[in-house]
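*Asks:* I'd like to ask some things about the structure below.
Put into structure tokens, the structure is as follows:
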């Protein structure tokens, strides 16, 4: 039994929707251990992406607590959350979310620069090399293919060696061959660095590669732990 | 928060998105250009007036009086001469010049001594010493005249010219007279003669209107201020005005400072309109940047870092655009100088003033900062969770901004207005007017949106769709209507003011105004002149009015001294003029029928016989600080006449009849040297003939042609209106930039909408018509709101500032609404014409 990296207890999120209240998450509790690869699956609308967002402090739950790397996320203010994300989390999104006005290298350098790491451009170049895009650093996102964009996003997510990686449908916008390559890269780099990976996907094959799978339906865990 | 990240990000964002900032930059640049253009002009005018001050005054110190200088003044000047100063005396008056063929023209005569000029040079054609040109010669004394006189009378050098009772020979053309201000409304061209020649004309008689001036050029060892103060002490007579060169032309300076201030406010209005464009451009930019902002927040950028990034970006662009604007304003300088040259009393240079440039750039930068700050506050509120929600619509999420944050922004803009206006009062009026205008235009825009929603039931596809487009989310209606509406307000208000004033001035609209004033009519000429005038104007002529020139010697028994006048001048410069001015007095047994008594009552015959009484114009009474029961003492050619104020009158000065500040009771002025003023009203074609006949029979009588003076005033008004319109053009340009920017911001929506409509079977023509309805409605609403505001603004100015009757000219109103609708339609159609060519499928697939 390793150290618990993510601890979620009785997580509930209700949103107003057209005059009624919509329960997106309903009393979800689970733990993720250090260096574990944990997948969250479920049909669309089951609340998986919302769960990921709450763990990252992108939104606030209606009730419940979330502890990530020893910090109680639900208690941090907006700016403290931003710094917490910078220092602890790495993100990979379905839509890549690269900044269109920045080159690939500059996109990778953003977290390094935010953390005022010296020599950010050189380190960004090394990271791009690690994801196999050493030659494309000066290209803008619009000039890259989907797979290449996602590689840049992975390099960016890993830039500050975060203890936790959060991935939201990382292959959702890619064809299956490209997606497979991306998953190999993501899992390989995660293993190499010994970080924890929380992965949201509706792809069962991808979920099968995880150490553990959490299944969500209508905002509840199907097989609640503990 | 480190500075490096915001700096780097700001640069990278700008690098990628500079096109979005073209409109933003244009808004800032146009406003700054307007302010710099006006500011530089004002500095140049002021500088020229200061630089040329001694030349314009004609000396270091000037003594000026309405009658020959007394013994004490002559003695004081002699003492200065002994101390090494040079002095010279001048006399100036209006006379009638007459050519050999009998044509006549009022001229401004100036008689000089050989020592003239003390500063500067008189340039003549042919070039020759002035004294030689003016010496008496065979066939009459020499005279140097303006080219305008030769042109008007059809004369050339060497020709004869009669002036009063003498005949002159034109020996030269006056090219430049150093101490003559190109007066705004002069009575006629200049005729320069020697002092001896003037004496022979017979124009200087008791009661004639002559200005006596003595000019002093001091040796380097004596300061002008000290010499002027000594002279003021030595000359007790307050009718002699002592001026040193550095206090000369206060009225002229005030006029040009005010003109510059008002033009500056028009420039500030363009910057304000630009502010709407700035806010709109930044709002659109932030909306487009939402995804990037959310990603950066996920990556760990806090709200302050991001706000700093975008502020840096907009600020750098604002300053850059301000620099471009300052360069534009500087480049426009020669144009503005040329436009205002006919008004300017001195030669203007298009010289740049560093402080004006700095101020312009600062105003531009600060306006950009303040107007960008409000939409940029949204950056802090963008939720990072946007990265996860793929279903977030543009309109579903609204930034919550602290309304309190608008306070410092508004206060900052108000402070900028006060800074530019140069006074708290004027700045406050500007801010108040701008706020009221913005509120009204916002209301109009609101009404338009409501109309758009209601209009869904309208008949016809194009009309229905076009009206629905007005209610498009994003508030584009409010932006277009306010920005364009403000510009229209300025333009239409200028046009309304100009036409109201022009109507007021035009002689044709006056039923009772005379065509001529004949002044300096001697007692023995009155009956003969009246007969001549009666014959010319069809049988009757108004009785000539006797006048006596006098100045004020005491108020309520307190003698007017230089000290008292200086004290009053320091307190209220405008009011002090009433103490020193020359009064033209008359006497009457009954109240003038056109005037209204506002206080007291007219004197009875018995009261008039008992002791002198005076009826005073109410404004003069207020400025002098005397009321009914008080006394005025006039110095009438050296004899004191004390009269009790019996009543106050309101005078309609606009009537252009013979009006008086002070009317004395009959008998009060007995024995004083009186001249008469006669008037005549004849048709325009008969004017020249009548003038020639009067001057031929009465060479000393001066005819003042009212029509000509009014026409010159109209021309001056036209020049002023042109300058203001020139400035207002900046705001119109800015308004159009805002319109184009706003349409660009909704470009994608429009494209999508047009494609959907076409997919559903609408022809391109139908879609184009729908857009046309929308643009025309926006323009019409802006035109209507702006024109309405302009009417209110013009009415306030006409009623309370200019104090002339209000007339509403329909042409600017129709043009204001029609042209704005048309212009908006044209700009809008140009901006969206290309959208209609896009293939629907390509657009739909793009989403």
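Protein chains in written order, with my numbering: chain A, 1 to 226; chain B, 1001 to 1847. C-beta atoms are modelled at their ideal positions from N, C-alpha and C, and glycine is treated no differently. Since we're looking at a predicted model, the values are computed, not measured.
Mind listing which residues of the region 187 to 208 of chain A have their C-beta closer than 7 Å to chain B's C-betas, in chain order?
*Replies:* Correct list: empty, as no residue qualifies.
*Asks:* Taking DSSP as the reference, what is the three-state secondary structure of residue 1565/B?
*Replies:* Against the second chain, residue 1565/B aligns to sequence position 565. Helix at residue 1565/B.
*Asks:* Taking Cβ positions, are residue 1090/B and residue 1208/B nearer each other than 8 Å?
*Replies:* Here residue 1090/B corresponds to residue number 90 of the second chain, with the count starting at 1. Here residue 1208/B corresponds to residue number 208 of the second chain, with the count starting at 1. Their beta carbons are not under 8 Å apart, which means residue 1090/B does not touch residue 1208/B by this criterion.
*Asks:* Based on DSSP bridge pairs, tell me the residues matched to residue 1310/B.
*Replies:* Working through the second chain from its first residue, we reach residue 1310/B at position 310. Paired residues: none, contrary to the question.
*Asks:* Within a Cβ cutoff of 7 Å, which residues of the same chain sit near residue 1787/B, ignoring the five residues on either side of it in sequence?
*Replies:* Residue mapping note: residue 1787/B aligns to position 787 of the second chain, counting from 1. Cβ within range, chain order: 1488, 1492, 1813, 1816, 1817.
*Asks:* Considering only their Cβ atoms, is the gap separating residue 110/A from residue 156/A smaller than 8 Å?
*Replies:* By one-based count along the first chain, residue 156/A stands at place 156. By one-based count along the first chain, residue 110/A stands at place 110. Cβ distance < 8 Å, so residue 156/A and residue 110/A count as in contact.
*Asks:* Any beta-carbon of chain A closer than 8 Å to the one on residue 1299/B?
*Replies:* On the second chain, residue 1299/B is found 299 positions in, with the first residue counted as 1. Judged by the 8 Å Cβ criterion, residue 1299/B is in contact with chain A.
*Asks:* Less than 7 Å between C-beta atoms, sequence neighbours within five positions excluded: which residues of the same chain meet that for residue 89/A?
*Replies:* Residue numbering aside, residue 89/A sits at position 89 when the first chain is read from its first letter. Result list for residue 89/A: 56, 162, 164, 166, in chain order.
*Asks:* Quick one: Cα of residue 1373/B to Cα of residue 1321/B, how far?
*Replies:* As a working note, residue 1373/B is residue 373 in the second chain. As a working note, residue 1321/B is residue 321 in the second chain. For residue 1373/B and residue 1321/B, the distance between alpha carbons rounds to 17 Å.
*Asks:* For a quick check, are the C-beta atoms of residue 112/A and residue 160/A less than 8 Å apart?
*Replies:* The residue you call residue 112/A lines up with position 112 of the first chain. The residue you call residue 160/A lines up with position 160 of the first chain. Yes, these two residues count as a Cβ contact at 8 Å.
*Asks:* Name the residue from 1095/B, 1135/B, 1581/B whose alpha carbon lies nearest to the alpha carbon of residue 1240/B.
*Replies:* The residue labelled residue 1240/B in the question sits at position 240 within the second chain. Here the closest residue by C-alpha is 1581/B.
*Asks:* Does any residue of chain B bring its CB to less than 8 Å from the CB of residue 97/A?
*Replies:* Position 97 of the first chain holds residue 97/A. So, interface residue.
*Asks:* By a C-beta neighbour count over all protein chains shown, 10 Å radius and 16 as the cutoff for buried, is residue 1652/B buried or exposed?
*Replies:* For the purposes of this step, residue 1652/B is taken as the residue at position 652 of the second chain. It counts as exposed.
*Asks:* Are any of the Cβ atoms in chain B nearer than 8 Å to that of residue 59/A?
*Replies:* Walking along the first chain from the start, residue 59/A turns up at place 59. Answer yes: the Cβ-Cβ gap between residue 59/A and chain B drops below 8 Å somewhere.
*Asks:* Please classify residue 1333/B: is it buried, with 16 or more other beta-carbons within 10 angstroms of its beta-carbon, or exposed?
*Replies:* The count along the second chain starts at 1 and reaches residue 1333/B at position 333. It counts as buried.
*Asks:* Any beta carbon of chain A sitting closer than 8 Å to that of residue 1005/B?
*Replies:* Position 5 of the second chain, counted from the first residue, corresponds to residue 1005/B. Interface residue, yes.
*Asks:* Taking 8 Å as the threshold (beta carbon to beta carbon), is residue 17/A in contact with chain B?
*Replies:* Within the first chain, numbered from 1, the residue matching residue 17/A stands at position 17. No, its Cβ sits nowhere closer than 8 Å to a Cβ of chain B.
*Asks:* Under 9 Å between beta-carbons, which chain B residues line up against residue 116/A? List them in chain order, please.
*Replies:* Indexing the first chain from 1 puts residue 116/A at position 116. Near residue 116/A (Cβ distances below 9 Å), the residues of chain B are 1002, 1004, 1005.
*Asks:* To the nearest angstrom, how far is the alpha carbon of residue 1710/B from that of residue 1505/B?
*Replies:* In the second chain, counting from the first residue as 1, residue 1710/B sits at position 710. In the second chain, counting from the first residue as 1, residue 1505/B sits at position 505. Straight-line Cα distance between these residues: approximately 6 Å.
*Asks:* In angstroms with no decimal places, state the Cα-to-Cα distance between residue 1851/B and residue 1707/B.
*Replies:* Examination of residue 1851/B is not possible in this model, given that chain B is present from 1001 through 1847 alone.
*Asks:* Run through chain A and tell me which residues come within less than 9 Å of residue 1463/B, C-beta to C-beta.
*Replies:* Taking the second chain and counting its residues from 1, the one referred to as residue 1463/B is at position 463. Residues of chain A passing the Cβ test: none, with the nearest at roughly 33 Å.
*Asks:* Can you give me the C-alpha to C-alpha distance between residue 1453/B and residue 1780/B, rounded to a whole angstrom?
*Replies:* Taking the second chain and counting its residues from 1, one reaches residue 1453/B at position 453. Taking the second chain and counting its residues from 1, one reaches residue 1780/B at position 780. Going by the C-alpha atoms only, they are around 17 Å apart.
*Asks:* Compute the Euclidean distance between the alpha carbons of residue 1522/B and residue 1675/B, then round it to the nearest angstrom.
*Replies:* Position 522 of the second chain, counted from the first residue, corresponds to residue 1522/B. Position 675 of the second chain, counted from the first residue, corresponds to residue 1675/B. One C-alpha to the other measures close to 5 Å.
*Asks:* Using the beta-carbon of each residue, which ones in chain B are nearer than 9 Å to residue 168/A?
*Replies:* The residue given as residue 168/A occupies position 168 in the first chain. Per Cβ cutoff of 9 Å: 1387, 1388.
*Asks:* When you measure from the CB of residue 46/A to every non-hydrogen atom of the ligand PLP, does any distance come out below 7 Å?
*Replies:* Among the components modelled here there is no ligand, and therefore nothing to report on the ligand PLP.
*Asks:* If we ignore side chains and look at the alpha-carbon of each, how far apart do residue 1295/B and residue 97/A end up?
*Replies:* Position 295 of the second chain, counting from 1, holds the residue named residue 1295/B. Position 97 of the first chain, counting from 1, holds the residue named residue 97/A. For residue 1295/B and residue 97/A, the distance between alpha carbons rounds to 7 Å.
*Asks:* For residue 1529/B versus residue 1731/B, is the C-beta spacing smaller than 8 Å?
*Replies:* Sequence index remark: in the second chain, residue 1529/B carries index 529 (1-based). Sequence index remark: in the second chain, residue 1731/B carries index 731 (1-based). No. Outside cutoff.
*Asks:* According to the Cβ coordinates, are residue 1128/B and residue 1188/B closer than 8 Å?
*Replies:* Within the second chain, residue 1128/B is the residue found at index 128, counting from 1. Within the second chain, residue 1188/B is the residue found at index 188, counting from 1. No. Outside cutoff.
*Asks:* Please report how far the alpha carbon of residue 1748/B lies from the alpha carbon of residue 1756/B, in whole angstroms.
*Replies:* The count along the second chain starts at 1 and reaches residue 1748/B at position 748. The count along the second chain starts at 1 and reaches residue 1756/B at position 756. Answer to the nearest angstrom: the Cα atoms are 12 Å apart.
*Asks:* Is there a C-beta anywhere in chain A that falls below 8 Å from the one on residue 1292/B?
*Replies:* For the purposes of this step, residue 1292/B is taken as residue 292 along the second chain, with counting starting at 1. Chain A, which has a Cβ nearer than 8 Å to the Cβ of residue 1292/B, makes this yes.
*Asks:* Taking C-alpha atoms, which residue in 1249/B, 1156/B, 1014/B lies nearest to residue 1309/B?
*Replies:* Mapped onto the second chain, residue 1309/B falls at position 309. Closest by alpha carbon: 1014/B.
*Asks:* For a cutoff of 8 Å on Cβ pairs, would you count residue 1019/B as touching chain A?
*Replies:* As a position in the second chain, residue 1019/B is number 19, starting the count at 1. With 8 Å as the cut-off, residue 1019/B does not count as an interface residue toward chain A.
*Asks:* Would the region 1265 to 1273 of chain B count as touching the region 1020 to 1037 of chain B if we require 3 or more Cβ pairs under 8 Å?
*Replies:* Judged by Cβ distances under 8 Å, the region 1265 to 1273 of chain B makes contact with the region 1020 to 1037 of chain B, as three or more pairs qualify.
*Asks:* Between residue 1010/B and residue 1376/B, what straight-line distance do the alpha-carbon atoms span, to the nearest angstrom?
*Replies:* For the purposes of this step, residue 1010/B is taken as residue 10 along the second chain, with counting starting at 1. For the purposes of this step, residue 1376/B is taken as residue 376 along the second chain, with counting starting at 1. Each residue's alpha carbon lies about 13 Å from the other.
*Asks:* Run through the DSSP bridge pairs and tell me what residue 1098/B is partnered with.
*Replies:* The count along the second chain starts at 1 and reaches residue 1098/B at position 98. Answer is 1104/B, 1162/B, bridged to residue 1098/B.
*Asks:* Count the other CB atoms, across all protein chains shown, that sit within 10 Å of the CB of residue 1244/B; report buried if there are 16 or more and exposed otherwise.
*Replies:* Within the second chain, residue 1244/B is the residue found at index 244, counting from 1. Buried, by the Cβ-count rule.
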